[in-house]
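Here is the structure we will look at.
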Amino acid sequence: MNEPVDSPVVVVGAGLAGSRTCLELRKIGYGGRIVLLGEETSPPYDRPPLSKAVIAGRRESKPLKADYEELGIELRLGTRVESADLARREVVTGDGPIGFGKLVVASGAAPVRLPGAGEQLTLRTDADAAALRDRLVEGARVVVVGASWIGAEVAHAALRKGCTVTGLEFHPAPLSQALGAVVGARFAGWWEGATLRTSTRVTAVEPDGVHLEGGEVVPADVVVTGIGVRAATDWLRGCGLELLPAVAVDERLRTADADVYALGDAAAWWSPRFGRRMDVQHWDDAYTAPAVVASGIVHGDAARLAHDPVPYFWSDQFGHRIEYVGHHDPGDTMTIDDGYEKGWTVRWTDPAGRLTAALGVDQSKLVAAWRKDVLAGEPAA
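Read in order, the letters of the sequence shown are residues 111 to 491 in the numbering used here.
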């Protein structure tokens with residue numbers, strides 16, 4: 111039976127973006143019904159510790175601090191949303207349809223998986239982290255497919271637990287797809303103690319191991335796939351929204367339907383700052399965007415907040431902290447600086463000399479300062 115609409119805000123996805131949207135709505139005085147739907151059975155939690163502390167066995171995942179019952183937020187866990195009907199103003203779950211007045215798409219992203227019948231672990235949920243932690247035992251042969259941010263953090267944890275680690279990377283160097291081959295090559299040396307094979311194409315994960323182009327099979331006790339994620343928006347197919355596959359939204363995180371918003375990993379937002387659509391699947395974006403969505407729901411066209419941040423992300427791997435701010439294009443000029451007592455930096459500037467992006471290894475203070483410069487559109491110092 112369909113539930114009465116009474117103009118509730120329905121938020122699909124109980125991760126950081128979805129949970130914070132509900133909290134921001136209450137913070138700015140929204141008094142109507144809020145329904146938060148989460149596919150996982152765990153209460154909303156923070157994801158960064160999964161790849162840093164949880165798989166290393168240093169801590170369990172912890173719920174986000176929020177009293178949903180006290181705030182009058184209807185938290186429904188273990189609820190899979192199968193489709194959306196915008197004409198009828200409802201989402202369809204395994205338990206039946208739920209009507210909405212406003213819909214917030216915060217369904218996140220899902221790991222990309224490789225073909226094959228073999229077991230491959232990914233790292234996206236607390237259940238994934240617990241399963242991987244239990245499999246990283248001394249002597250285990252661990253193959254990490256993808257020398258990505260997540261792949262490197264998993265490899266680091268596995269080495270510390272005494273595993274034999276092999277990394278398989280399609281590109282010429284770790285992180286080269288995001289940062290370029292020159293910068294990426296600097297990270298290859300961090301894999302000391304592991305076997306890192308670059309320019310290597312994986313064709314399948316089968317029960318006997320990881321199959322490579324050319325027929326070689328790399329034996330493994332544990333296979334971890336870290337080759338990226340894809341926006342979890344299949345449930346929106348056919349509903350009329352533009353899917354890229356992330357949901358296309360404007361700088362106020364509105365879709366083509368005035369009553370539907372999208373944010374976090376599920377959204378591709380228009381950035382006046384960078385003059386392009388941004389699909390930033392990182393924690394900082396999911397943390398800052400909810401205030402914009404809440405403002406739009408409460409204030410409508412009078413809302414003043416817009417979402418056009420300077421992207422920021424970080425990774426802790428092999429004893430170093432990597433931080434990146436901004437967005438650089440292939441035509442930007444790159445400057446690498448090793449003139450520090452510890453760590454190194456990279457800066458990218460556009461043809462006008464403005465700082466567009468910066469990366470720091472063990473240089474948090476500099477990255478914080480450069481973030482302000484990118485935000486202000488300042489020339490590089």
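Using N, Cα and C, we set each Cβ at its ideal position, and we do this for glycine too.
Give me the residue from the options with the minimum Cα distance to residue i.
i	options	result
P421	G206, G324, A399	A399
V320	A341, A283, T276, L289	T276
G406	G125, E134, V122	E134
I337	V328, T313, E326, L346	T313
D411	D360, D418, V334	D360
V255	R464, L322, V477, K482	L322
D369	A194, R234, G272	A194
A295	V315, S258, T232	S258
V315	D177, G204, L126, V252	V252
L181	I144, R362, K482, T232	I144
R428	G128, A291, V222, A298	Before going on, a small fix: residue 428 reads as Phe here, not Arg. Of the candidates G128, A291, V222, A298, the one whose C-alpha sits nearest the C-alpha of F428 is A298.
A197	L346, H266, K162, L185	L346
A268	T365, D439, R481, R243	R243
D439	P419, R362, A467	A467
For residue i, which residues from the same chain have a beta carbon less than 6 Å from its beta carbon, with the 5 sequence-adjacent residues on both sides left out?
i	result
A358	E352, A378
K212	V119, D369, I407
G123	A216, S217, G218
R190	E149, G204
S161	L233, I260, E263
V293	V456
D367	L196
In chain order, what residues of the same chain have a beta carbon less than 7 Å from the beta carbon of residue i, not counting five sequence neighbours either side?
i	result
Q391	A219, V339, D375
D483	L465
D447	W454, T455
V127	The sequence given here places Ala at residue 127; Val does not occur at that position. Within the same chain, A127 has close Cβ partners A216, L373, G374, A396, A399, P400.
D472	H430, R431, K452, G453
R481	V420, Y422, V435
So, is residue i buried or exposed, given that buried needs 16 or more other C-beta atoms within 10 angstroms?
i	result
Y450	exposed
L260	Note on residue identity: the sequence assigns Ile, not Leu, to residue 260. Per the 10 Å Cβ criterion, buried.
E149	buried
P154	buried
E496	The structure shown does not extend to residue 496, since the chain is modelled only from 111 through 491, so no value can be given for it.
I138	exposed
D236	buried
V477	buried
R169	exposed
S117	exposed
I'd like the span of the alpha helix (DSSP H) that includes residue i, first residue to last.
i	result
D389	Looking at the DSSP string, D389 is not in any alpha helix (DSSP H), and its letter there is neither H nor E.
V264	259-270
V293	291-298
D483	474-486
D236	236-245
Is the separation between the beta-carbon of residue i and that of residue j shorter than 8 Å?
i	j	result
V408	T131	no
D426	E263	yes
G209	E200	yes
T308	P282	yes
V164	A239	yes
A356	D394	no
S129	A166	no
What does a CB cutoff of less than 8 Å around residue i pick up in its chain, not counting 5 residues either side in sequence?
i	result
D318	G228, V327, P329
R387	L354, A358, A378, W379, W380, S381
R223	Q230, T232, T335
W424	R431, I432, E433, Y434
Could you tell me the boundaries of the beta strand (DSSP E) in which residue i lies?
i	result
S425	422-427
R347	Run containing R347: none; DSSP gives neither H nor E here.
E134	Element bounds for E134: not the beta strand (DSSP E) but the alpha helix (DSSP H), 126-137.
G209	206-209
Y371	370-372
A377	377-381
D331	Element bounds for D331: n/a, residue is neither H nor E.
L160	Here L160 belongs to no beta strand (DSSP E), and DSSP marks it neither H nor E.
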